[in-house]
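In our numbering, the protein residues as written are 594 to 1768.
C-beta atoms are modelled at their ideal positions from N, C-alpha and C, and glycine is treated no differently.
The block underneath contains the structure these notes are about, expressed in structure tokens.
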């Protein structure tokens, strides 16, 4: 057997075919679209030829470039900061956050660690001594947590948040207070003496046992220390704070406890307390005045009698407050305990995280498994760990998804003919996509986009020429889709959308540049008859290719200008016994017969939808494998579409049924869209069945409380705006979601605390003045508060004349309207901050700039001590509030709107304010989320129309595509409602991206319809024949990739990604392969090209079928010289032979010159082109 000529050689004497003078008639005014598309396809053809000539270089450089970009993943940053993920840069909330950080720093004042106790038996009452005892057991276990880091031991007393530690001049008392001052722990145990067991501080005095809160009586201690130190100021401080006997004066939960103090009310009676009665109205910390824990902070699922008396509850909660990393760093900076470890803020954060993780672990293990109660523990570190786990990439699932796609691609490209099989092409394609995705993400990393936590030789040119338009169209639409999704004003989703757009661009570059080089190399393998995948070995089924030349057709006239016209013959393949070569035997020319029953005879090459079809169409007409395949192997999706699917779908009654069912689905989806609720709770993100999910579920059910603040900014005069500040507080307090204070306590802000303190010292001054202990010239005999009032009353606020003693009796620190004189406002603020630390801590004012420190000494009567420095004008202060009853997103939105309205009203009075807190941080997006969603979808649909209309140059077809895409989006949105998927930023991005993804299912069909000839029904059938396989392959590979998401531990990923994207893929298949062909067969635009015989002005189009259906078979009105092409062995009336094909000469047949037959391009190949220049 002679060796085949090298790839790229042309047979001797070959001349390119001449252009036909009038091969086709352009329909109507479609010349411009065809010309432009022909020009674009010409560019793609030239690109493909260039890639073919340098396929090795292109492949090497492409892989090198993509590999270099993929290295950018090494610098990728996974963002888990909630503020950075959910707050739009430059938005109102972002500006407010930035202002807060500028004034207060990056961190909150404290972090919360919570214990929630619920009964194992649903609905059981927890207000019993036994249930409180179990809560005590868990809380004590958690409070005794210690971690060893950096050679030091860290316990709760070292790292907890302590509110309002007073400054005492007496060194011994100051050290004792520092060790004893209690941590802020909000717990129902504070109603009982057992609450002291959670406080770990202790102090030592000679002759006394260790002083702890379980045995500390502050009143008795001050009496014992009175003879040794001047503690009058400290005593007044404790009296103002209403400390009293602290914990030893409270009832014992278990009076039989040997350590129950004798001062406990039930110590002698030994009767267990009435837990519901003791907890009614809430509990207090060591200070009754400044540390009041409301019922809603401690109890959940409460039930009351008609008189409002607490009867029962279903949950208990204790909250431990820890310092922030910066506070912990500042607290121990320069301390002897940390001077040898290089103490830093990072180390402080590590200590807190380690303690929090240990806290959660021990608290959850504190109760035995058979206990009647269960403990749920949570910390801020737990939330961070969840976000990190959510953001981590599962290598196993990624690899598994690609392995499934590799297997599918390999199987679908395999053939029985070993040499003609293209399994390696499928493998290379999937691996190239993986590399393109990695390079796209690497490019995003290099661009600083954070991560969060989705063909050949002439035929190479011809492949790009035929598929380049649809590939470009779908890729451009996808990129536009994701760029439009970036309009959603949420950083996490904007970053995702930009990354997806970049990845689509990289995939587009890989498909248009690198993959054709792979196909070119595969063509060389096939030409050399080597095995698939194992290309180093020759195929055992190497075929002898016979060039079949046309026979003399007698007196028949061969029509001129028919593109790719072939005649069907009956050929017999005989396998020689001596070898595996095929000898094809042709019958006499009289046996040339039309095809018996090919329902969709492919007279023209329509746009191929897959590489497999493109590489097989022409080659299948010229080459046949010697080894026979099984009959079932001849079946494929194209055959199914041609012989079964299209004839059934395009019947009149089937069309009517499709339209009716589509309308019903659309109507049902419109109803489902009304069921979609806004929101994304943490319980949706955390994996179900975990301890974290159990805690969040219990918290959402029983303790839906949120700490918020009303922040007042600078830019206005606080001293002259007191009335407006009080009005703002009143307006905010009237919001439905704001937790009202107990009936016995008025709402308190720093301005209330400040005013009440001034009224208190004014009353003390008036009493001392009336008794003569304070005069114009002396205040030493008066009380501490009277002396403070004396110093404030003589202040003028004038730097030149700061003091005026005549004002002692002519002015008041607070006027009759309850306002502080403006000239005293900032001077008095300095005194209040320095003299009332517990009141300042309770107010949570967080002043900036902080007022200067000033120490009062009643016995220092020098002029310097009388001059009080005024605080600087305030630029930041806040009023704290508690929000409750916020279960649905609508509740949050209502609260946010009310708070914003209150701030806007205050702004009209000159007060600049804004609300702050997690509800305003994470739920603000829902104020305009639906508007952004509708805007993005509308813009995207318009852009899709413009892109399709521009590339197809057919607004009619573009309108039908956009209509189908809009229907898909509405139906996906409605199905989300039925599935209970809430609308948040993530579903919004998927919905917006669904428009671009849907283009993959529709554009190929529409383009195939436009470039086909015949009636609407026949063109729709041809479009289905050529696109069913590639569209189905794409959908199946997508579903295989999504299958890995189904096994995720995060229910959120399963529901919001796997389910939604799976539904989207199925909807795409349904609309692209069913609804759109039906619409095109009814409302489709006219064909772009109508093919005619040169001798006849008649347009060759199949006659309309009777009854409105398709009529299959050969049209009786066709000229006798016209023969249809089928997928059987064919005889080409228009060679040239494929470059590289081996021509076996037949001596008895006349030599046929390719130049003798003019050729015309098919409807999708508008310009006749020869092969690429040989290299």
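Closer than 8 Å is the cut-off here; do at least three beta carbon pairs connect the region 869-882 with the region 690-697? no
Endpoints, alpha helix (DSSP H) assigned at residue 1670: If you number the chain shown from 1, residue 1670 lands on position 1077. Here the alpha helix (DSSP H) through residue 1670 covers 1669-1676.
Rank 1426, 1401, 841, 906 by C-alpha distance to the C-alpha of residue 870 and give the top, closest one. Translated into the one-based positions of the chain shown, residue 870 becomes position 277. Nearest option by C-alpha distance: 906.
According to the Cβ coordinates, are residue 1110 and residue 648 closer than 8 Å? What you label residue 1110 is simply residue 517 of the chain shown in a count that begins at 1. What you label residue 648 is simply residue 55 of the chain shown in a count that begins at 1. A contact, by the Cβ cut-off of 8 Å.
Endpoints, alpha helix (DSSP H) assigned at residue 1489: Residue 1489 sits at position 896 when you count from the first residue of the chain shown. First-last of the alpha helix (DSSP H) with residue 1489: 1482-1501.
In the structure shown, what three-state DSSP assignment does residue 1716 receive? As a first step, residue 1716 is located in the chain shown; it is residue number 1123 there, counting from the start. At residue 1716 the pLDDT is 34, less than 50, meaning the model places this residue with poor confidence and gives no usable figure here.
Evaluate contact between the region 966-979 and the region 938-958, counting only Cβ atoms and requiring at least three cross-stretch pairs below 8 Å. yes
Determine the direct distance from the alpha carbon of residue 1274 to that of residue 1605, and round the result to whole angstroms. In the chain shown, the residue the question calls residue 1605 occupies position 1012. In the chain shown, the residue the question calls residue 1274 occupies position 681. So the alpha carbons of these two residues sit roughly 51 Å apart.
Please return the same chain residues whose Cβ sits closer than 7 Å to the Cβ of residue 925, not counting the five positions on each side in sequence. Translated into positions along the chain shown, residue 925 becomes position 332. Its chain contains 931, 936 as the residues whose beta carbon lies nearer than 7 Å to that of residue 925, once the 5 sequence neighbours on both sides are disregarded; these appear in chain order.
In chain order, what are the residue ranges of uninterrupted beta strand (DSSP E) at least 3 long that sit wholly in the region 739-794? 739-742, 745-748
Leaving out five residues before and five after residue 1644 in sequence, what residues of the same chain have Cβ atoms less than 7 Å from its Cβ? Sequence index remark: in the chain shown, residue 1644 carries index 1051 (1-based). Contacts found: 1280, 1281.
In terms of residues, what are the limits of the beta strand (DSSP E) holding residue 1510? The count along the chain shown starts at 1 and reaches residue 1510 at position 917. Boundaries of the beta strand (DSSP E) harbouring residue 1510: 1506-1510, taken from the DSSP string.
Option in 1302, 1326, 1665, 1114 with minimal Cα separation from residue 1770: The requested residue 1770 does not occur in the structure, where the chain is confined to residues 594 to 1768.
When the distance is taken between beta carbons, is residue 1471 closer than 8 Å to residue 1509? On the chain shown, residue 1509 is found 916 positions in, with the first residue counted as 1. On the chain shown, residue 1471 is found 878 positions in, with the first residue counted as 1. Result yes, Cβ atoms of residue 1509 and residue 1471 sit closer than 8 Å.
By DSSP, does residue 966 sit in helix, in strand, or in coil? As a first step, residue 966 must be located in the chain shown, where it is residue number 373. Looking at residue 966 - three-state DSSP - the assignment turns out to be strand.
According to DSSP, simplified to helix, strand and coil, what is residue 913? For the purposes of this step, residue 913 is taken as residue 320 along the chain shown, with counting starting at 1. Look at residue 913 here: in three-state DSSP terms it is strand.
Does the distance from the C-beta atom of residue 1271 to that of residue 1576 stay below 8 Å? The residue given as residue 1271 occupies position 678 in the chain shown. The residue given as residue 1576 occupies position 983 in the chain shown. Result yes, Cβ atoms of residue 1271 and residue 1576 sit closer than 8 Å.
Buried or exposed (CB count within 10 angstroms, at least 16 for buried), residue 707: Reading the chain shown from its first residue, position 114 is the one you call residue 707. Residue 707 comes out buried.
Quick test of the definition: if touching needs 3 or more C-beta pairs under 8 Å, does the region 1543-1556 touch the region 1618-1629? Flag = no, the region 1543-1556 and the region 1618-1629 do not touch.
Three-pair Cβ contact test at 8 Å for the region 1517-1525 versus the region 1304-1323: no
I need the straight-line Cα distance from residue 1531 to residue 717, nearest angstrom please. Walking along the chain shown from the start, residue 1531 turns up at place 938. Walking along the chain shown from the start, residue 717 turns up at place 124. Residue 1531 and residue 717: Cα-Cα distance of roughly 53 Å.
Give me whichever residues DSSP pairs with residue 893 in a beta bridge. Position 300 of the chain shown, counted from the first residue, corresponds to residue 893. DSSP output for residue 893 lists 908 as bridge partner(s).
Mapping DSSP to helix, strand and coil, what is residue 1587? In the chain shown, counting from the first residue as 1, residue 1587 sits at position 994. Here residue 1587 sits in helix by DSSP.
Spatial neighbours of residue 1384 in its chain, beta-carbon cut-off 7 Å, leaving aside the 5 residues before and after: As a first step, residue 1384 is located in the chain shown; it is residue number 791 there, counting from the start. Counting only Cβ-Cβ distances below 7 Å, and skipping sequence neighbours, we find 1459, 1461.
With a cut-off of 8 Å on the beta carbons, I'd call residue 1582 and residue 1090 a contact; round off their distance for me. For the purposes of this step, residue 1582 is taken as the residue at position 989 of the chain shown. For the purposes of this step, residue 1090 is taken as the residue at position 497 of the chain shown. Yes, residue 1582 and residue 1090 are in contact; Cβ-Cβ is about 6 Å, under 8 Å.
Three-way DSSP call (helix, strand, coil) for residue 836 in this model: The residue labelled residue 836 in the question sits at position 243 within the chain shown. Here residue 836 sits in coil by DSSP.
Compute the Euclidean distance between the alpha carbons of residue 1362 and residue 1386, then round it to the nearest angstrom. The residue you call residue 1362 lines up with position 769 of the chain shown. The residue you call residue 1386 lines up with position 793 of the chain shown. Using only the alpha carbons, I get a separation of about 13 Å.
Residue range of the beta strand (DSSP E) that includes residue 1773: In this structure the chain extends from 594 to 1768, so residue 1773 is not present and cannot be described.
Just to check my reading of the structure: residue 921 and residue 944 have Cβ atoms closer than 8 Å, yes? What is that Cβ distance to the nearest angstrom? Here the question's residue 921 lines up with position 328 in the chain shown. Here the question's residue 944 lines up with position 351 in the chain shown. With 8 Å as the limit, residue 921 and residue 944 qualify as a contact, their Cβ atoms being about 7 Å apart.
Excluding five sequence neighbours on each side, which residues of the same chain lie with their C-beta closer than 7 Å to the C-beta of residue 1559? The residue you call residue 1559 lines up with position 966 of the chain shown. Answer for residue 1559: 1534, listed in chain order.
With three or more beta-carbon pairs closer than 8 Å as the criterion, would you say the region 1580-1597 touches the region 1099-1107? no
By the 10 Å Cβ neighbour count, where 16 or more other Cβ atoms means buried, how is residue 775 classified, buried or exposed? Here the question's residue 775 lines up with position 182 in the chain shown. Residue 775 should be labelled buried.
Touch test, the region 1248-1267 against the region 1562-1573, Cβ-Cβ under 8 Å, three pairs minimum: yes
Could you tell me whether the region 1346-1361 touches the region 1430-1438, using the rule of 3 or more Cβ pairs below 8 Å? yes
Are the CB atoms of residue 888 and residue 909 nearer to each other than 8 Å? By one-based count along the chain shown, residue 888 stands at place 295. By one-based count along the chain shown, residue 909 stands at place 316. No; because the gap between Cβ atoms is not below 8 Å, this pair is not in contact.
Coil, strand or helix - residue 1345 by DSSP: On the chain shown, residue 1345 is found 752 positions in, with the first residue counted as 1. In the structure shown, residue 1345 sits in a helix (DSSP, three-state: H, G or I).
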